Amino acid sequence: MSEVDKAVTPETATTKKDWKQTKVGSVFVSNYPPYSFWTDSGVKDVEKVLGQPVSENAPSLGLYLHIPFCRKRCKFCYFRVYTDRNAADIQRYLDALAREVELYSALPRFAGRTPSFVYFGGGTPSYISVKHLKALVDRVKATMTWENAEEVAFECEPGTLTQSKLEAIKEIGVTRLSLGIENLSDEILRENGRAHVSKEVYQVMPWVKDLGFNQVNVDLISGMVGETWDSWKDTVQRTLDLDPESLTIYQMELPFNTVYSKAILGEGSEEIPVADWELKREWHAFAIDTFTKAGYEVSSAYTLVKKGGSGKFLYRDSLWRSSDLIGAGVASFSHVNGLHFQNQTHWDGYLDALESDNLPLNRAFVTTHEERLTREMILQLKLGRIKPKYFQEKFGTDILDRYGSVFSQLSAEEMLTFDEREVQLTRQGLLQVDHLLPEFYDSKYRNARYT
Ligand code: SF4
Numbered sequence: 023m024s025e026v027d028k029a030v031t032p033e034t035a036t037t038k039k040d041w042k043q044t045k046v047g048s049v050f051v052s053n054y055p056p057y058s059f060w061t062d063s064g065v066k067d068v069e070k071v072l073g074q075p076v077s078e079n080a081p082s083l084g085l086y087l088h089i090p091f092c093r094k095r096c097k098f099c100y101f102r103v104y105t106d107r108n109a110a111d112i113q114r115y116l117d118a119l120a121r122e123v124e125l126y127s128a129l130p131r132f133a134g135r136t137p138s139f140v141y142f143g144g145g146t147p148s149y150i151s152v153k154h155l156k157a158l159v160d161r162v163k164a165t166m167t168w169e170n171a172e173e174v175a176f177e178c179e180p181g182t183l184t185q186s187k188l189e190a191i192k193e194i195g196v197t198r199l200s201l202g203i204e205n206l207s208d209e210i211l212r213e214n215g216r217a218h219v220s221k222e223v224y225q226v227m228p229w230v231k232d233l234g235f236n237q238v239n240v241d242l243i244s245g246m247v248g249e250t251w252d253s254w255k256d257t258v259q260r261t262l263d264l265d266p267e268s269l270t271i272y273q274m275e276l277p278f279n280t281v282y283s284k285a286i287l288g289e290g291s292e293e294i295p296v297a298d299w300e301l302k303r304e305w306h307a308f309a310i311d312t313f314t315k316a317g318y319e320v321s322s323a324y325t326l327v328k329k330g331g332s333g334k335f336l337y338r339d340s341l342w343r344s345s346d347l348i349g350a351g352v353a354s355f356s357h358v359n360g361l362h363f364q365n366q367t368h369w370d371g372y373l374d375a376l377e378s379d380n381l382p383l384n385r386a387f388v389t390t391h392e393e394r395l396t397r398e399m400i401l402q403l404k405l406g407r408i409k410p411k412y413f414q415e416k417f418g419t420d421i422l423d424r425y426g427s428v429f430s431q432l433s434a435e436e437m438l439t440f441d442e443r444e445v446q447l448t449r450q451g452l453l454q455v456d457h458l459l460p461e462f463y464d465s466k467y468r469n470a471r472y473t
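Per this note's numbering: the sequence shown = residues 23 to 473.
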């Protein structure tokens with residue numbers, strides 16, 4: 023899992039009403055407008071846009087590579103992942119992934135452009151073998167070199183790492199290593215279906231430190247099934263002891279299509295004891311307080327970074343400022359010049375398209391000027407502060423005027439403060455920012471299912 027909109031995140035928009043309990047249906051806002059408005063008829067626009075040469079003032083370019091394999095499906099996971107693929111299947115998938123990048127790089131829109139940032143997401147990128155990883159990277163770099171990329175981020179599941187795999191990850195140029203630890207109680211990890219145990223975290227950390235990655239990020243989830251105050255305090259303290267440069271905390275959700283959600287919605291209407299939002303926010307706030315006392319600072323609603331360290335997260339910040347992004351891989355999302363598009367979401371459809379030398383496009387959406395403004399504003403609000411001047415200069419819109427009633431309402435609820443220089447979320451606002459963002463949506467998108 024990553025801190026941002028992983029390029030493969032499906033969700034559902036909810037409004038602020040009726041959100042005390044953790045109910046099925048995700049609240050995490052990763053993109054706008056909702057995916058349910060993207061259509062297959064929009065795919066023709068993709069071909070048109072990608073066939074045009076890039077203008078001089080094009081934004082930076084990113085490359086997302088989706089590795090959809092995991093050892094085991096976590097019970098809260100809603101990503102497109104496969105837990106039953108053998109080495110030959112993986113090779114076939116990686117060949118298609120590399121082919122996809124080759125097809126993109128041959129298009130006028132990307133001619134001569136190299137990515138400023140690269141993101142290996144999943145699934146579990148660290149699941150694949152060193153041999154597979156190196157072959158993939160050699161082939162992708164031969165088409166679209168990332169020698170000048172400022173950031174190469176890579177997600178890992180601790181139990182899939184060995185010293186030699188970490189060395190290979192370092193060798194391919196990874197600067198930001200993200201470890202999906204989620205919790206340090208083995209009982210909680212097991213209950214939630216995680217493949218790793220805490221011992222594996224302690225085994226890999228010395229290797230990670232020795233290799234000297236620019237930035238090591240650790241992911242935690244507040245409110246996994248079975249969590250208590252004592253277990254959470256223990257996890258937070260032991261995470262602090264690991265001394266990461268960056269900590270990302272999510273609040274547990276129950277999106278559609280997870281093992282837990284299916285159990286709740288299924289015939290047995292099973293009760294899954296997920297803490298309510300208030301308690302998850304208290305746990306999240308406790309972690310923020312513990313880390314800030316220890317010398318970290320808040321860098322977004324989800325992330326804390328060591329003061330004075332290399333806390334920059336280019337992938338997140340670029341996407342939230344509408345960089346172009348090639349999202350390669352099954353079900354991946356791309357964004358180019360205000361056009362959103364998503365790949366085929368199933369194994370066969372994705373592979374068949376690429377094995378016939380076609381881009382595996384599934385659905386797309388052309389945004390309006392207004393939608394692009396809203397998208398950037400709501401995503402950047404997750405950083406905790408936005409500057410009206412930025413939106414005035416980029417979009418020619420005074421957001422305090424355009425969204426004045428929403429800002430006033432949220433200010434009255436003590437979720438934010440604002441003046442002409444800055445809109446700043448309060449601690450309470452930041453802890454529940456995803457619940458607040460639909461207030462800014464165009465009315466036709468509110469309460470829409472995102473997927
Ligand atoms: S490690 Fe778990 S949460 Fe992450 S992608 Fe795999 S199954 Fe999903």
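Beta carbons: idealized from backbone N, C-alpha and C, even for Gly.
Since the structure is predicted, the reported quantities are computational estimates derived from the model, not experimental observations.
- Burial state of Ala386, where buried means 16 or more other Cβ atoms lie within 10 Å: On the sequence shown, residue 386 is found 364 positions in, with the first residue counted as 1. Buried, by the Cβ-count rule.
- Message: Just to confirm before moving on: does the CB-CB distance between Phe139 and Glu169 stay below 7 Å?
- Response: Here residue 139 refers to the residue found at position 117 of the sequence shown. Here residue 169 refers to the residue found at position 147 of the sequence shown. No, they are not a contact pair.
- Message: Using only the alpha-carbon positions, how far apart do Gly351 and Asp441 sit?
- Response: Counted from its first residue, the sequence shown places residue 351 at position 329. Counted from its first residue, the sequence shown places residue 441 at position 419. Each residue's Cα considered, the two are about 43 Å apart.
- Which full runs of the beta strand (DSSP E) of 3+ residues lie inside the region 330 to 380, going along the chain? 346 to 350, 355 to 358 and 361 to 365
- Query: Is Phe101 near ligand 1, with its Cβ less than 6 Å from a heavy atom?
  - Reply: Here residue 101 refers to the residue found at position 79 of the sequence shown. Yes, ligand 1 has a heavy atom inside 6 Å of this Cβ.
- Determine the burial state of Ala309: buried for a count of at least 16 other Cβ atoms within 10 Å of its Cβ, exposed for fewer. For the purposes of this step, residue 309 is identified with residue 287 of the sequence shown, where counting begins at 1. That one is buried.
- Item | Where the alpha helix (DSSP H) containing Val51 begins and where it ends | The count along the sequence shown starts at 1 and reaches residue 51 at position 29. Segment: none, Val51 is in no alpha helix (DSSP H) and carries neither H nor E.
- Message: If you follow the alpha helix (DSSP H) that Val320 is in, where does it begin and where does it stop?
- Response: Mapped onto the sequence shown, residue 320 falls at position 298. Unbroken run through Val320 is the beta strand (DSSP E), Tyr318 to Val320; no alpha helix (DSSP H).
- Where Arg93 and Gly215 are concerned, what is the direct C-alpha to C-alpha distance, given to the nearest angstrom? The residue labelled residue 93 in the question sits at position 71 within the sequence shown. The residue labelled residue 215 in the question sits at position 193 within the sequence shown. The straight-line gap from Cα to Cα measures roughly 10 Å.
- Along the alpha helix (DSSP H) that carries Glu300, what are the first and last residues, could you check? Counting from one through the sequence shown, the residue named residue 300 turns up at place 278. Per DSSP, Glu300 belongs to the alpha helix (DSSP H) from Trp299 to Lys315.
- Item | Three-state class that DSSP yields for Lys328 in the structure shown | Looking up residue 328 in the sequence shown gives position 306. Correct three-state label for Lys328: strand.
- Query: Does any heavy atom of ligand 1 sit closer than 6 Å to the C-beta of Cys92?
  - Reply: Sequence index remark: in the sequence shown, residue 92 carries index 70 (1-based). Correct: Cys92 has its Cβ closer than 6 Å to ligand 1.
- Can you tell which of Gln431, Glu436 and Ala323 has its C-alpha closest to the C-alpha of Phe462? Along the sequence shown, read from residue 1 onward, the residue named residue 462 stands at position 440. Considering only alpha carbons, the answer is Gln431.
- Message: I want to check one thing, is the minimum distance from the CB of Thr146 to the heavy atoms of ligand 1 below 6 Å?
- Response: Walking along the sequence shown from the start, residue 146 turns up at place 124. For Thr146, the distance from the CB to the nearest heavy atom of ligand 1 is below 6 Å.
- Could you check what DSSP says for Lys83 in three-state terms: helix, strand or coil? On the sequence shown, position 61 is the one that residue 83 refers to. The amino acid at residue 83 is misidentified as Lys; the sequence shows Leu. Residue state, collapsed to three classes: strand.
- Enumerate, from N- to C-terminal direction, the unbroken alpha helix (DSSP H) stretches of 4 or more residues contained entirely within the region 162 to 198. 185 to 193
- Item | Residue from Val103, Leu269 and Leu422 with nearest C-alpha to Thr496 | In the structure displayed, the chain extends from 23 to 473; residue 496 sits before or after that span and is not available.
- Task: Would you check if the distance between the CB atom of Ile294 and the CB atom of Val46 is smaller than 7 Å?
- Result: The residue given as residue 294 occupies position 272 in the sequence shown. The residue given as residue 46 occupies position 24 in the sequence shown. Against a cut-off of 7 Å, the Cβ pair of Val46 and Ile294 comes out as no contact.
- Message: Checking 7 Å against the spacing of the C-beta atoms, do Tyr86 and Gly349 come in under that value?
- Response: Looking up residue 86 in the sequence shown gives position 64. Looking up residue 349 in the sequence shown gives position 327. Yes. Within cutoff.
- Taking Asp346 and Leu125 to be in contact with their CB atoms under 8 Å, please state how far apart those CB atoms are, rounded to whole angstroms. By one-based count along the sequence shown, residue 346 stands at place 324. By one-based count along the sequence shown, residue 125 stands at place 103. The Cβ separation is near 16 Å, so there is no contact.
- Message: Can you tell me which residues form a DSSP beta bridge with Ala386?
- Response: Start at 1 with the first residue of the sequence shown, and residue 386 comes out as number 364. Answer is Thr61 and Phe363.
- Item | Proximity winner among Ser58, Leu453 and Phe98, relative to Val320 (alpha-carbon distances) | Here the question's residue 320 lines up with position 298 in the sequence shown. Closest by alpha carbon: Leu453.
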